[in-house]
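Residue numbers (UniProt numbering): 514 to 793. C-beta: ideal position from N, C-alpha, C; glycine also. A quick note: this is a predicted structure, and the numbers were derived from the prediction, not measured.
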Ligand code: C2E
Ligand code: MG
Ligand code: MG
Ligand code: MG
């Protein structure tokens, strides 16, 4: 009897694995389709300067309708694109499209200083072509590099290798800025912050979510990150602001910038321009 159970369990596992591989293949194929046939688009999440309570920039987020229909979000497909190598084409597509939009926006004088923050995969830190590609696209769209911020996850810097640091330095030499995304969830030795050429920390939304929740063990993280930023003279962006209470707390403690559903949902390009012209 035990043997039969064991065999069943074994079959159950292989079926599970087979299903997972099948889904992974489906996602890879959908990504390939999207890359070849213009199947991605961008949405924008305004980032508010908390001293003036107005958006001065926006984070760019990728969307893939074909995958969304299958219930697959960027959080699920980006890691697969990283594993298959498709991420390089995706990152370049996002960058080019974003710079195109910046150029369009710059035609309106009021938007001249508006910046876009783009998520860049950790893969790019080991991609020898990346800096040159960014540089070429900045020229092609005549972008003021100060209007471009690249977001890297904290975990992508975890191994602290010379290659990554070299790429980061080269990127900042182009005149753009770098921020550390999902800060607090990775393993940055705080003392290393001084040696990275980053200008901002993005507080992970799991820490914003527990503001005011005294029973949560994560509760002091927002304060810790704000203190660190002060110590290392870095800008701070709070992610995932979903309530007035969270916004008040961050503002009182001198957090520079914030984004989140309470401030504004991710919106398309036209809605972004609309929002900006009403707040400008
Ligand atoms: P992220 O860079 O940390 O992006 C923030 C994610 O949190 C976004 O999810 C956004 O929609 C969501 N979010 C923002 N504010 C709130 C809020 O107030 N409440 C809640 N519950 N969620 C909020 P999204 O768009 O699904 O992106 C997930 C992740 O996928 C991103 O995390 C980023 O790591 C990656 N990603 C998204 N777009 C791109 C891209 O163009 N290129 C690359 N390489 N990665 C991307
Ligand atoms: Mg981000
Ligand atoms: Mg984040
Ligand atoms: Mg993230």
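Is residue 482 helix, strand or coil when you go by DSSP? Since the displayed the chain opens at 514 and closes at 793, residue 482 lies outside it and no answer follows.
Cβ-heavy atom distance between residue 735 and ligand 1 below 8 Å? For residue 735, the shortest C-beta to heavy atom distance toward ligand 1 is 8 Å or greater.
Identify the continuous beta strand (DSSP E) that holds residue 680 and give its terminal residues. Note, residue 680: premise wrong, no beta strand (DSSP E); alpha helix (DSSP H) at 675-686.
Identify every residue that forms a DSSP beta bridge with residue 694. The bridge partners DSSP lists for residue 694 are 666.
Rounded C-alpha distance that separates residue 766 from residue 781: Near 31 Å, if we compare the C-alpha coordinates of residue 781 and residue 766.
Can you check whether the CB of residue 776 is closer than 9 Å to the CB of residue 561? Taking the C-beta atoms as reference points, residue 776 is found nearer than 9 Å to residue 561.
Does the distance between the C-beta of residue 731 and the nearest non-hydrogen atom of ligand 3 fall short of 8 Å? Set against 8 Å, the gap from the CB of residue 731 to the closest heavy atom of ligand 3 is not smaller.
Near ligand 2: residue 694 beta-carbon under 8 Å from a heavy atom: Between ligand 2 and residue 694, a heavy atom-to-CB distance of less than 8 Å is present.
Tell me which residues share the same chain as residue 515 and place their Cβ nearer than 6 Å to its Cβ, disregarding the 5 neighbours each side in the sequence. Reliability fails at residue 515, whose pLDDT of 46 lies under 50, so the model's placement of it is uncertain and no value is given.
Other residues of its chain near residue 778: CB distance less than 8 Å, five sequence neighbours each side excluded: By the criterion of a C-beta distance shorter than 8 Å, residue 778 is surrounded in its chain by 558, once the five residues flanking it on both sides are discounted.
CA nearest to the CA of residue 624, picked from 630, 631, 616: Out of 630, 631, 616, 616 has the C-alpha closest to the C-alpha of residue 624.
By how many angstroms is the C-alpha of residue 728 removed from the C-alpha of residue 605? For residue 605 and residue 728, the distance between alpha carbons rounds to 43 Å.
Classification of residue 734 by the beta-carbon crowding that lies within 10 angstroms, buried from 16 upward: Buried.
Return the chain-ordered list of same chain residues with a C-beta closer than 7 Å to the C-beta of residue 556, the five sequence neighbours on each side being excluded. Only 574, 576, 779, 780, 781 meet the Cβ criterion.
Which of helix, strand or coil DSSP assigns to residue 631: The answer is strand: DSSP assigns residue 631 an E or B state.
Between 565, 632, 737, 674, which lies nearest to residue 664 when the distance is taken from Cα to Cα? Closest in C-alpha terms to residue 664, from the list 565, 632, 737, 674, comes 632.
Decide if the segment 649-656 is in contact with the segment 673-684; the criterion is three or more beta carbon pairs, one per stretch, under 8 Å apart. They do not touch, by the three-pair rule.
Complete runs of the alpha helix (DSSP H) confined to the segment 555-641 [at least 4 residues]: Listed in chain order, they are 578-582, 587-597, 600-619.
May I ask which residues mark the beginning and end of the alpha helix (DSSP H) holding residue 751? Element bounds for residue 751: not the alpha helix (DSSP H) but the beta strand (DSSP E), 748-751.
Where residue 514 falls: helix, strand or coil (DSSP): For residue 514, the predicted model reports a pLDDT of 46, less than 50, meaning its position is unreliable and no value from the coordinates is stated.
Where residue 777 falls: helix, strand or coil (DSSP): Here DSSP, grouped into helix, strand and coil, assigns residue 777 to coil.
If you reduce the DSSP assignment to three classes, tell me which class residue 766 lands in. DSSP places residue 766 in coil when its eight states are reduced to three.
Can you tell me the Cα-Cα spacing of residue 726 and residue 540, whole angstroms? One C-alpha to the other measures close to 38 Å.
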